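This report refers to the structure that appears directly beneath it.
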């Protein structure tokens, strides 16, 4: 198991609570306050886990700029109390962010050995 610093433990808790609030907000028919709170907790937890500089460089790489703009635009639209449209934009941005990861292509090419 990888040892975590105190800041990383706080970050894991913030991400967990953020995901809980987002899921709970979707269960309650896209409650905009819960979704906005979950988004803020998730993003701040990500900063605590990997650091501000690495978070910034992850989101603002040139190939990932489209996904970042959709994700951050979705967060902004949820904060402006349009939760359904905001979550759709966030989902598209999230998929686009991790689809454009150059290491993801290498992982897909890796052969899987059966036991």
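In the working numbering, the protein residues as written are 3 to 117.
Beta carbons: idealized from backbone N, C-alpha and C, even for Gly.
In this text, all values refer to a predicted model and were calculated from it rather than measured experimentally.
How about residue i and residue j: do their beta carbons lie closer than 9 Å?
i	j	result
residue 95	residue 76	yes
residue 43	residue 58	no
residue 79	residue 87	yes
With DSSP run on the structure shown, which of helix, strand or coil describes residue i?
i	result
residue 89	helix
residue 33	coil
residue 62	coil
residue 99	helix
residue 6	coil
residue 83	coil
Within 10 angstroms of the Cβ of residue i, are there 16 or more other Cβ atoms? Answer buried if so, exposed if not.
i	result
residue 65	exposed
residue 39	buried
residue 85	buried
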